[in-house]
Structures are given as structure tokens and as C-alpha cells.
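Let me begin by presenting the structure, written as C-alpha cells, before commenting on it.
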Amino acid sequence: MKHWQFGGIKGKLLVGLGSMLGFTALVAITGVWWIMKLERVNDEAVDAGLTVERQIKEWHRLTRANTLRTLLLLKTNDPVLEKEVRVEIDETVKKVNGILRKLDAALHDDPIVETFSAATERRLQYQKIRADAFQAKKAGDEREVSRIIEQELMYAQNSFQAAVQQLSDEQVAHMQELVASNNAQSERARFIVAVSTSIAFVLALLFWLVAHKRSREVERSLNHQLSESTELQQAILDSANFSIISTDINGVIRLFNNGAHRMLGYSASELFARHTPDLLHDETEMAERARQLSLELGQPVKAGFEALVARARGGLADEREWTYIRKDGSRLPVMVSVTALRDEQLALTGFLCVAYDLIERKRVENMKNEFISTVSHELRTPLTSIRGSLGLIFGGVGGELPEAVKNLVGIAKSNCERLIRLINDMLDSEKIESGKMRLDLQVIDLRPLIQQVLAANEGFAGQYGATLRLLAPDAPLQVRIDGDRMIQVLTNLLSNAVKFTPAGGVVEVRVSRVAQGVRVEVVDSGPGIPQEFRGRIFQKFSQADSSDTRQKGGTGLGLNISKALIEKMGGSIGFNSTLGTGTTFFFEIPEWQSPVPQLQPFRAKADSFQPRILVCEDDPDVARLISMMLAKAGFEAEMAYSAEQALACLAQGSYDAVTVDLKLPGQNGIAFISALRDNESTRKLPVVVVSALAEEGRLEFNHKPLTVSDWLQKPIDEDLLVLSVRRAVAGIQAGKPRILHVQADLDIQRIVAAVAQDFANFTSAATLHEARALLREQPFDLVLLDLGPGKESSWDLVEDIDALDPRPPVIVFSPSDTELTEDKRAEAVLLKARTSSMELLSTIQRILQIPADPPVVPNP
5 MKHWQFGGIK GKLLVGLGSM LGFTALVAIT GVWWIMKLER VNDEAVDAGL TVERQIKEWH
65 RLTRANTLRT LLLLKTNDPV LEKEVRVEID ETVKKVNGIL RKLDAALHDD PIVETFSAAT
125 ERRLQYQKIR ADAFQAKKAG DEREVSRIIE QELMYAQNSF QAAVQQLSDE QVAHMQELVA
185 SNNAQSERAR FIVAVSTSIA FVLALLFWLV AHKRSREVER SLNHQLSEST ELQQAILDSA
245 NFSIISTDIN GVIRLFNNGA HRMLGYSASE LFARHTPDLL HDETEMAERA RQLSLELGQP
305 VKAGFEALVA RARGGLADER EWTYIRKDGS RLPVMVSVTA LRDEQLALTG FLCVAYDLIE
365 RKRVENMKNE FISTVSHELR TPLTSIRGSL GLIFGGVGGE LPEAVKNLVG IAKSNCERLI
425 RLINDMLDSE KIESGKMRLD LQVIDLRPLI QQVLAANEGF AGQYGATLRL LAPDAPLQVR
485 IDGDRMIQVL TNLLSNAVKF TPAGGVVEVR VSRVAQGVRV EVVDSGPGIP QEFRGRIFQK
545 FSQADSSDTR QKGGTGLGLN ISKALIEKMG GSIGFNSTLG TGTTFFFEIP EWQSPVPQLQ
605 PFRAKADSFQ PRILVCEDDP DVARLISMML AKAGFEAEMA YSAEQALACL AQGSYDAVTV
665 DLKLPGQNGI AFISALRDNE STRKLPVVVV SALAEEGRLE FNHKPLTVSD WLQKPIDEDL
725 LVLSVRRAVA GIQAGKPRIL HVQADLDIQR IVAAVAQDFA NFTSAATLHE ARALLREQPF
785 DLVLLDLGPG KESSWDLVED IDALDPRPPV IVFSPSDTEL TEDKRAEAVL LKARTSSMEL
845 LSTIQRILQI PADPPVVPNP
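If you're matching positions, the sequence shown starts at 5 in our numbering and goes up one per residue.
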């Protein structure tokens, strides 16, 4: 606004000055125009006088010539010559008459007209005399004729010359008078111009003085405003609660605000002109960041200041967490935003680093994590007992229930499931938002999974009077997904469709192949989705009507979670809806092309055999519930309420598997599993984790050389529990070979394990260090060594394998032909780019001497 006012004042000054100069120019131009006009009139008058004089002289010349011709005519007697002279005289007379007419027109109303008229009368007299002369000649008096002619010619000449002289004098006098008059007017005009110019100059000078004074006032006002603005900016910089540090392009500090002083303990004078990374940053952190940026940007980035500004220098946004080192040596976590500074020509002039303290934020995050952990364990654990007990009672484990009691138990069971879904949705939403959601991607056939979901939701659909229907091709549809999470997505979509389908309606699940992979559609015949709600349907806590929560139930998190899960599994999700007709939710998942063997079903060895399972659970209610679920499925279950009790039970008896809760009194679950693997008698014992902290435990477990058969999240799903325990027991009962797979990529580990899971048990190691630890602690029947880039050659592990007794065979997965020269040190060397899953499977079976069709545990 201030700048606009300044521009307005300047504009007014310029307009005023321009107006004054324009007035001056107008006065001067007007005066000059009058002078030129008067001079032009004067010149025209002179030219007119000169023209009359020329006409008179021409008349004089022609008259004289005519007189001479007349004389010649009177003197000659030659008829022919006389005829020619008469013709010339007539032509001359015509010309003289023409001149007279021009002079009459030019000298009309002029003072010289009288003189000229007298000359005209004289011309008429001359014509009469000429007639007398011709008469005398006719009479034969030659002497008289000559006298008359000579006398009159002389008189006419003298009279004419006198008249012409008089006429010329009068014309010259008239022209001089006219020129004098014009000169006088020209002088007056010049005087007016001079006076006007002087006045205009004085006005311009006065105006300039006023404008200059006003300009100085405006300048002082602007300087004052600029000073105030600078002071305000400095006050803002000094009072900001975050650090603001500005550097030149080389990292030399040029600005260091009070926020940076309060945060770091340095004063501006101490760090001004110092190089930024020298004192404020951790060298190890800068070196690691330089390595990351080198990989990300595809060009080497030096450790130090360049690691801090490389992205900003390239025009990219850069905001990340760093560690600042205070003056007292203490370390401070900060979020730093780095921005490039450029001039008007967009040339780089420096960098601006804005940082704010993360201590409070991390404290809040820790509080939130503690709260979530409490919710996960303290709510899920009692809910597990409630859910399981209600399920067993409702299923008739305590005997047949009266109809009224069964209805009440059903209501309690239904609301317990609803509460569990609410807690799970809230926790899942937090995991997705924080990036802690981990997926166990496996290649599975989608059709059986969908059939399982439909069977599980038939009772729910029956409550709303809806029917579930599956339309899918018979051919296998293999996709690489997290089965549990896909069940969660399908259950959510089916739940929504059932709730909004009128009683007696049908909810269809349609499965088809598309160009992008496999497409799954859930189609209802409900009222459709309102237009105003469609744009936010996948947002958190979104519902078309707040009354939906009471009428239909739910938190508004389901679709948001479903979208995040589908996208994390490499797919996409969307919907089509028509008001009054219904809605179709669909998702597409890439189809997996490699064939995957199916898991053989669990079969007991004999009628009298019951696998013996140890349930290690600190909550007695949950322990009894798990035991009842396992007993119902044909297992023999015993309970231990701590790691110490479990170790005592294992020392006294033999078990086929153990379930473990990670949150145990005394020794936690991870430590307990480590103890099992350290003991020779329990090293191969299958472990199934059943815990509210299963996801967190899996993350921690990935960094430890331990084996776990499965991870189950509380509240417990009975079918999932039984399936997982059966898998674990089936693996140990079948006497499957144990394979150590050395591979850093978790997805590749899972794919290879899925390919050979029917006849082998896989243990994975992400590093050579983990592999060496596993080889020292456990025997393996084969080592699958997946070579990759690293500081330590993967071939070095073969030397450790050679020292083992017995030595397991080695299969090497090589990324290039250059490694094939080492084939004498391994039983097989396979090139990654040329080896299919079936070729790998065949190679493993050949080396382990396993038949192509692995034996199945016999039926009882």
C-alpha cells in the first residue's frame, strides 16, 4: 500500500510538470505560428507586387513590339509582308489584352487602378492616331504619316514609361507599407511569445520547487516506513521460537537470529562468517545423508554442507529431521527446512535454514505410543476373553441354551465384535498414518480367500435379510497380497454393502481378469451415494450423514483403511454409484504369474494322537480360552503364565508347539523365544506368537536371528489360531528339511519360502552376521545364498559353511555371470535373470534328494 501511494505521488508530479511544459510549448508554438503567418502574408504581398510589375513590363514589351511592327507595316509596300505583320500585330494585341485582363483582376480596388486606367485611355487614343495614320497613307501623304507616327510613338513611349514608373513607385510604396505593417505585427507576436515563455518558465520553476519539496517529504516518509518495516522484520526474527540461519552459497553464516541463539547457545557474533556444519551438525549424520542423496540423485554428494543443501540447490523441497549440537555439547533433535535464496535474475545467492525443536513433539509422540500400546494390550486382552467366552457359550460348549438366553448372548457377542472392530480400525489408522503398517505379502489364490470371507459374513448378512453371492471364474487367480489384510478389506466392503442393501436384496462379489490384473467388485442395491459426499468418501471419519453412525454403525474409518491397504498391496480402489439404484466398490490387484504350490492340509498321524501344545499367556482367562479353542480343534493344551513356568514345563515334558504372548511378567516374549533357540532340546520347537503386540514384535524380531512360525494379533480369531498351530505342527511332524535363506529383501524371502513351503521349512537371515549366528546355533539341511552388493562378499560365508560338520549343501543365487567362476565352492550356482521359480524348486529337490511329489502325512 505504501509503495502504491509513492507511485501515485510521483505520477501526480510528472503529470503536473508535463502539463506546465505543455502549456509553455503551446504558447511558444502559437507565437511562432503567428510570426510565420505574418511573414507569409508579407511575402505574398511582395510576390503579388512583383507579379504585377512583371505583367506591366511584359505589356510594355509587347506594346513596343507592336508599335515597331506597325511602323514596319506603314513603311513597306509588300502585300505578303504586310499580311504577316498584321497577323503578328493581331496576336500581340491578343496577348496585351490578356495581360490587361490579369492586371485588372490583380489590381481591382487597388490605389494604382486610376493610374492604370489613364494608361488604358492613352492606349485607346493611340489606336485612334494609328487609324489617322492609316488614313493619311491612303491619301498618299507619306510625310504626314511618318510625322504622325514618330511624334505619337515618342509621346506614347514617354507617357507609358512615366505611367509605368509611377505605377511601380506606388506599388513599391504600397508593398513597403504592407511589409512594415506585417513586421510590426510580427514584433508584437515575438513579444507575446517571449513574455509567455518567461511566464511559463517561472511557473515551471515554481512547480518544480513545490514538487521537489513534496518529493523530499515523500522520500522521508518512505525512509521512515522502511525503517519501521526493517525494525518489525528484525523484531519478528528475534522473537521467533524457531531457529533461522541464513548462509551464502558456500555455507558461511550471514544471519543468526535470537531463536537460533536460544536453541543452540551461540550468539550471532560467535557464528557470523563461520561455516555452518563445522559446529552445528553431527559428522556421522552428515556422511550418512550424503550417501543417501548420492543414491537418490544419481550423482556423488559430498559429506558436509552439500549434504544439507543438495536438494534445495537442485530446486527440490527439503525438510527432514537432523540433530543439532548445542554449544554445551548436548544434542537436540530438530526438523530443518532448507530453502534456496535467489535474486531477481534467479541466480543462487545463498540458503535459508529454518529449524524447530522436536523435543516436545517427540514427547507427545511417546505419550501417544504409550497410550496406543496400553489400548492394544489392556483393551484387547480382556476383549479376547470376552469374545472367546461368548463364542464358546453361543456355540453350545456349555450345553444347549434357552432361546432367550441365546439371544442375549448373541447381542453381547455382536457388540463385542463391534467394539473389537472399532479398536482395530483406530489402531490400524494410526499405524498407516505413522508408516508402521507392515504387510506380510504372499502369493495366494484369491478365489478361496473370497469364499472364506463370504462364509464368515453370511451370518452378518442374514441379520439384515441380505444374501451374498460370488461370481468368479473357476481358474486360479494368483495375487501377491497380505491375506489377513485382504480379508479385512473385503469384510469392510461387504459390511457396508450389506448395511445399505434393502431386506431381501442380494450383495454380489464379482471377480474378473482385466488388463491391469484381477478386479474384484462388491455390488449392492442400496440408495446410492449422495453427490456431495463422493469427493470425501475415502477420508477418515467420513460418513454421508452423522445419523449413519446410529443407524448403520461404524466409525467412518473402514474405507480410509481399505484404500490405504489396497494401495500398499500395489492396487487401486474406487467406486461407481447411481442414486436409487446402488453402489459398486471395486479394487484391482496385479495378478501373479508364477505358479505356487498349495499347502498340504494338516492330517493327524493316528486316531489316538493329539498334538501337545504349550500355551504361554500371562492372562489366565486368555490362557484358558486359547486352551479351549485348541482342545476343540483336537489338540492337547497346557498352560503356563510366565516364561519361567513355560521353561519348567518344557524341561519336564515334550511339546509339539508353543504359543507365546510377547508381554510376559519377568522375561518378555522375545527373550523367551531367544532362550528356546539357545536350548538344544527346544531349538526346533515351533513357536506361534499370540499377542496384542504382534506387529511391534515382528518389527523387532526382523533384526534377530530367530524363527517364528506365525504372528497372530489379539483379539484372537479362533479359525486363524487353529490354522496357524496346525501349520506349525505339520511342519515339524512331516520331517521337512530346514533351509537357511540368506537374503536382505524380505519380499524375496517370502516368495522363495512360498515356492518350496510344501517340502521344506525356511529360516531367513538378512545379513551375513545373522546367517553366521544361525549356523552356529542350528543345523540346516541346505543354505540358499543370495549374492548381493555389500561391503562383505557373500562368498565369505561359504568358508564358514565349509567348517561345519556336517556341512550343508549350498545353492548360490548370483546376480551376474562373473560369480559363476566360483561354482566349485557350491553345489549349484543359478543366475537370477535366467532362473524361474520352478527351476529353483527343482534344484532344491534334486540336491535334497526329495521326490518331485512330496509325501503327505497319512490319514489316520
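For each residue, glycine too, the CB sits at the ideal point set by N, CA and C.
These numbers come from a predicted model, not from an experiment.
Next item on the list: Tell me, to the nearest whole angstrom, how far the beta carbon of T234 is from that of I257; I am working on the premise that it is less than 8 angstroms.
Entry: Translated into positions along the sequence shown, residue 234 becomes position 230. Translated into positions along the sequence shown, residue 257 becomes position 253. That belief does not hold up - the Cβ atoms of T234 and I257 are roughly 20 angstroms apart, past 8 angstroms.
Next item on the list: Jot down the residue ranges of each uninterrupted alpha helix (DSSP H) in the stretch 414-502, minimum 4 residues, whole runs only, in chain order.
Entry: Unbroken alpha helix (DSSP H) runs of no fewer than 4 residues, entirely contained in the stretch 414-502, are found at 450-467, following chain order.
Notebook entry, point to check: What do you reckon, are the CB atoms on L475 and V515 nearer than 8 angstroms?
Noted result: The residue given as residue 475 occupies position 471 in the sequence shown. The residue given as residue 515 occupies position 511 in the sequence shown. In contact: L475 and V515 (Cβ atoms closer than 8 angstroms).
Next item on the list: Taking L618 as part of the beta strand (DSSP E), name the residues at either end of that continuous run.
Entry: Here residue 618 refers to the residue found at position 614 when the sequence shown is read from its first residue. Segment 616-620, the beta strand (DSSP E) holding L618.
Next item on the list: Note the first and the last residue of the continuous alpha helix (DSSP H) segment covering L852.
Entry: Along the sequence shown, one-based indexing puts residue 852 at 848. Secondary structure note for L852: it is in no alpha helix (DSSP H), with a DSSP letter that is neither H nor E.
Item checked: Inter-stretch contact (C-beta, 8 angstroms, three-pair minimum) for the stretch 522-532 and the stretch 456-463 -> Short answer: they don't touch.
Check: Between L284, H285, R315, L283, which lies nearest to Q296 when the distance is taken from Cα to Cα?
Finding: Here the question's residue 296 lines up with position 292 in the sequence shown. Q296 has its Cα closest to that of R315, out of L284, H285, R315, L283.
Checklist line | DSSP bridge partner residues for V518 (one or two, in chain order) | finding: Within the sequence shown, numbered from 1, the residue matching residue 518 stands at position 514. DSSP output for V518 lists G521 as bridge partner(s).
Next item on the list: Using a threshold of 8 angstroms, state whether the C-beta atoms of Q614 and E640 are closer than that.
Entry: By 1-based counting over the sequence shown, the position of residue 614 is 610. By 1-based counting over the sequence shown, the position of residue 640 is 636. Yes. Within cutoff.
Margin query: What residue range does the beta strand (DSSP E) around F591 cover?
Written below: By one-based count along the sequence shown, residue 591 stands at place 587. Residues 586-593.
Notebook entry, point to check: P624 lies in the alpha helix (DSSP H); which residues open and close that run?
Noted result: Here residue 624 refers to the residue found at position 620 of the sequence shown. Unbroken alpha helix (DSSP H) run through P624: 624-636.
Notebook entry, point to check: How far does the alpha helix (DSSP H) with N564 in it reach, from first residue to last?
Noted result: Along the sequence shown, read from residue 1 onward, the residue named residue 564 stands at position 560. For N564, the enclosing alpha helix (DSSP H) begins and ends at 562-572.
Notebook entry, point to check: Which whole-angstrom value describes the C-beta separation of F711 and T767, a residue pair presumed to lie in contact below a C-beta threshold of 8 angstroms?
Noted result: Counted from its first residue, the sequence shown places residue 711 at position 707. Counted from its first residue, the sequence shown places residue 767 at position 763. Sequence check: residue 711 is Thr here, not Phe. For T711 against T767, the beta-carbon gap comes to about 5 angstroms, under 8 angstroms, which counts as contact.
Margin query: Can you look up L666 in the DSSP assignment and give me helix, strand or coil?
Written below: Your numbering for residue 666 matches position 662 in the sequence shown. L666 falls in the coil class under three-state DSSP.
Item checked: Uninterrupted alpha helix (DSSP H) stretches inside the stretch 265-304 (no shorter than 4 residues) -> For the stretch 265-304, the continuous alpha helix (DSSP H) assignments of 4+ residues that do not extend past its boundaries occur at 272-275, 280-284, 287-301, in sequence order.
Next item on the list: Report the option in A344, E292, F211 whose CA atom is closest to the CA atom of R317.
Entry: Walking along the sequence shown from the start, residue 317 turns up at place 313. Looking at the Cα atoms, A344 is the closest of the given residues.
Margin query: Please classify S529 as buried or exposed, where buried requires at least 16 other C-beta atoms within 10 Å of its C-beta.
Written below: Position 525 of the sequence shown, counted from the first residue, corresponds to residue 529. It counts as buried.
Check: Is it the case that the Cβ atoms of V342 and Y360 are separated by a distance below 8 angstroms?
Finding: Here residue 342 corresponds to residue number 338 of the sequence shown, with the count starting at 1. Here residue 360 corresponds to residue number 356 of the sequence shown, with the count starting at 1. No, they are not a contact pair.
Note to self: Let me confirm a value: R335 is counted as buried when at least 16 other C-beta atoms fall within 10 Å, else exposed. Which label applies?
What the structure shows: Locating residue 335 in the sequence shown gives position 331, where the first residue counts as 1. R335 should be labelled exposed.
Next item on the list: Alpha carbon to alpha carbon, how far is T588 from K572? Give it in angstroms, no decimals.
Entry: Against the sequence shown, residue 572 aligns to sequence position 568. Against the sequence shown, residue 588 aligns to sequence position 584. Each residue's CA atom was taken as its position, placing K572 and T588 some 21 angstroms apart.
Checklist line | Beta bridge counterpart(s) of R642 as assigned by DSSP | finding: Locating residue 642 in the sequence shown gives position 638, counting from the first residue. Looking at the sequence shown, residue 642 is not Arg but Glu. Its beta-bridge partners are L618.
Note to self: Suppose you measure from the CA of A777 to the CA of D804; what does that come to, to the nearest Å?
What the structure shows: For the purposes of this step, residue 777 is taken as residue 773 along the sequence shown, with counting starting at 1. For the purposes of this step, residue 804 is taken as residue 800 along the sequence shown, with counting starting at 1. C-alpha separation (whole angstroms): 11 angstroms.
Notebook entry, point to check: With 16 as the cutoff for other CB atoms within 10 Å, does P304 come out buried or exposed?
Noted result: Taking the sequence shown and counting its residues from 1, the one referred to as residue 304 is at position 300. Answer is exposed; the Cβ neighbour count stays below 16.
Next item on the list: Look up A650 in the DSSP assignment and say whether it is helix, strand or coil.
Entry: Your numbering for residue 650 matches position 646 in the sequence shown. Here A650 carries a helix assignment [DSSP, helix/strand/coil].
Next item on the list: Just mark Q492 as buried or exposed, buried being the case when its beta carbon has 16 or more other beta carbons within 10 Å.
Entry: In the sequence shown, the residue the question calls residue 492 occupies position 488. Looking at its Cβ environment, which holds 16 or more other Cβ atoms inside 10 Å, Q492 is buried.
Notebook entry, point to check: Can you tell me whether DSSP reads G392 as helix, strand or coil?
Noted result: Here residue 392 refers to the residue found at position 388 when the sequence shown is read from its first residue. G392: helix per DSSP, three-state reduction.
Next item on the list: Could you check if M490 is buried or exposed, using at least 16 other CB atoms within 10 Å of its CB as the buried criterion?
Entry: If you number the sequence shown from 1, residue 490 lands on position 486. Residue environment: M490 is assigned as buried (16 or more neighbouring CB atoms within 10 Å of its CB, all protein chains considered).
Checklist line | Beta-carbon gap between L458 and V513 smaller than 8 angstroms | finding: The residue labelled residue 458 in the question sits at position 454 within the sequence shown. The residue labelled residue 513 in the question sits at position 509 within the sequence shown. In contact: L458 and V513 (Cβ atoms closer than 8 angstroms).
Checklist line | Bridge partners - Y360, DSSP secondary structure assignment | finding: The sequence position of residue 360 within the sequence shown is 356, counting from 1. DSSP, once it has assigned bridges, lists M339 as partnering Y360.
Next item on the list: Measure the alpha-carbon distance for A272 versus N262 and round it to whole angstroms.
Entry: For the purposes of this step, residue 272 is taken as residue 268 along the sequence shown, with counting starting at 1. For the purposes of this step, residue 262 is taken as residue 258 along the sequence shown, with counting starting at 1. So the alpha carbons of these two residues sit roughly 8 angstroms apart.
Item checked: Candidates L618, K667, G521: closest to V733 by CA position -> The residue given as residue 733 occupies position 729 in the sequence shown. Restricting attention to L618, K667, G521, the CA atom closest to the CA of V733 is found in L618.
Next item on the list: Determine the closest residue to R742 out of V726, R730, A760, A748, with distance taken between C-alpha atoms.
Entry: Mapped onto the sequence shown, residue 742 falls at position 738. Nearest C-alpha to R742: A760.
Check: How is the alpha helix (DSSP H) around A675 delimited, first residue to last?
Finding: Mapped onto the sequence shown, residue 675 falls at position 671. Counting along the chain, A675 sits inside the alpha helix (DSSP H) bounded by residues 673-682.
Margin query: Can you tell me whether T353 is helix, strand or coil according to DSSP?
Written below: Stepping through the sequence shown from its first residue, residue 353 is reached at position 349. Reduced to three states, the DSSP call for T353 is strand.
Check: Going by other Cβ atoms of all chains shown within 10 Å of its Cβ, with 16 needed for buried, is R850 buried or exposed?
Finding: Your numbering for residue 850 matches position 846 in the sequence shown. Flag for R850 reads exposed.
Check: Who are the near neighbours of G392 in its chain, counting only those whose CB is closer than 6 angstroms to its CB and skipping five residues on each side?
Finding: Here residue 392 refers to the residue found at position 388 of the sequence shown. For G392, where only same-chain residues beyond five positions count, the Cβ hits under 6 angstroms are L629.
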